[in-house]
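Participant: Here it is, the structure in full.
Chains as they are written, first to last, in the UniProt record's numbering: chain A, 1 to 139; chain B, 1 to 139.
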């Protein structure tokens, strides 16, 4: 689902990162993709979009955030604050965010290093570097 | 402005936390308040709301995030990821978030400990504890 979301974002002319949040029992709570371009919204990274689309939840205990790319500090902070239990990451080759910090603080972290996703982001960054660096706040 | 935003949030029946983001030259970029109740949106804390309302920015160098309450990990991660230079915090008595971590990573952090804001949050937490703990992801 996260890969589908990333590809939808790419097809919309946006940043190709997708995410999905699952309950402990495997039920989908919310899915989404980066919406910086589509909505002119700097606050909607893939993970925050999936989190928002999950609606208000009383507890995130046992949940898993699946994301195509290593979560940046903003999205890592989201995971830590709300007590999301696990993060499944498509790849951390093109960007290395805060997932080591999450693991240190008890979050279950798995990095797949999916080569299709590495190529998706590598191509995107080479084609749209200014957009990519804007999205991660690098001058 | 952040205090005005917090009071607007309270008047709307929401969580009374406000924020405003300023450019290096003092110009307002965006202001906002927590919108969990108003929009049923778990992703819109005061700081993320101000950040969103600031629109897309190429750089946050020199900017200051003013917030009525110590930023949680989610909002602290936002500050770190986007290179917001300074955080001015109304109070850190009723909630102690990630501002020490931000200071360790080079962000200029000032805590005012405004007693009016301490009372605003103390009253809110005592009246709506379930809403408050939902907003910070505590079971």
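Every residue gets a Cβ at the ideal spot worked out from N, C-alpha and C, and that includes glycine.
1. Please give the ranges of any alpha helix (DSSP H) in the UniProt domain "CMP/dCMP-type deaminase" (1-109) of chain B, keeping only runs that are unbroken, at least 4 residues long and fully inside the region.
2. Under three-state DSSP, which class holds residue 118 of chain A?
3. Could you give the first and the last residue of the continuous alpha helix (DSSP H) run that contains residue 113 of chain A?
4. To the nearest angstrom, report how far apart residue 38 of chain B and residue 130 of chain B are at their CA atoms.
5. Using a Cβ cut-off of 7 Å, which residues of the region 31-44 of chain B contact any Cβ in chain A, in chain order?
6. Under 7 Å Cβ to Cβ from residue 118 of chain A, same chain only, skipping five residues before and after it: list those, please.
7. Would the region 10-17 of chain B count as touching the region 13-26 of chain A if we require 3 or more Cβ pairs under 8 Å?
8. Can you pull the chain B residues whose beta carbon is under 7 Å from the beta carbon of residue 219 of chain A, in chain order?
9. Helix, strand or coil: how does DSSP classify residue 136 of chain A here?
10. Considering only the beta carbon of each residue, do residue 50 of chain B and residue 32 of chain B sit closer than 8 Å?
11. Give a yes or no on whether the minimum CB-CB distance between residue 100 of chain A and chain B is below 8 Å.
12. Taking the alpha carbon of residue 71 of chain A as the reference point, which residue from A/23, A/8, A/25 and A/107 has its own alpha carbon closest?
13. Nearest CA to the CA of residue 28 of chain A: which residue from A/4, A/7 and A/64?
14. I need the straight-line Cα distance from residue 55 of chain A to residue 4 of chain A, nearest angstrom please.
15. Mind pulling the chain B residues with CB within less than 7 Å of residue 106 of chain A?
16. Could you name the residues of chain B that residue 61 of chain A contacts, counting a contact when the two beta carbons are closer than 8 Å?
17. Would you say residue 27 of chain A lies against chain B (beta-carbon separation less than 8 Å)?
18. For a cutoff of 8 Å on Cβ pairs, would you count residue 73 of chain A as touching chain B?
19. Closer than 8 Å, CB to CB, is residue 51 of chain A near chain B or not?
20. Closer than 8 Å by C-beta to residue 23 of chain A: which residues in its own chain qualify, once you throw out the five before and the five after it? Chain order, please.
21. Cα separation between residue 58 of chain A and residue 75 of chain A?
22. Starting from the C-beta of residue 121 of chain A, find all residues in its chain whose C-beta is less than 6 Å away, skip the five residues before and the five after it, and write them out in chain order.
23. Exposed or buried, residue 48 of chain B, counting other C-beta atoms within 10 Å across all chains shown (16 or more means buried)?
24. Using a Cβ-Cβ cut-off of 6 Å (strictly less than) and excluding sequence neighbours within five positions of residue 84 of chain A, which residues of its own chain qualify?
Facilitator: Concretely, from the data shown:
1. 2-11, 36-39, 46-53, 73-82 and 99-104
2. helix
3. Run containing residue 113 of chain A: none; DSSP gives neither H nor E here.
4. 16 Å
5. Of all residues in the region 31-44 of chain B, those with a C-beta nearer than 7 Å to a C-beta of chain A are 36, 40, 41, 42 and 43, reading in chain order.
6. 91, 93 and 94, listed in sequence order.
7. no
8. A query on residue 219 of chain A cannot be resolved here, the shown segment of chain A reaching from 1 to 139 and no further.
9. coil
10. Taking a C-beta distance under 8 Å as the contact criterion, residue 50 of chain B and residue 32 of chain B qualify as a contact pair.
11. no
12. A/107
13. If you compare the alpha carbons of A/4, A/7 and A/64 with that of residue 28 of chain A, the shortest gap goes to A/64.
14. Computed Cα separation, rounded: 20 Å.
15. Those within 7 Å of residue 106 of chain A in chain B number zero; the least Cβ separation is about 13 Å.
16. 139
17. no
18. yes
19. yes
20. 29, 62 and 63
21. 19 Å
22. 94
23. Classification for residue 48 of chain B: buried.
24. 60, 63 and 65
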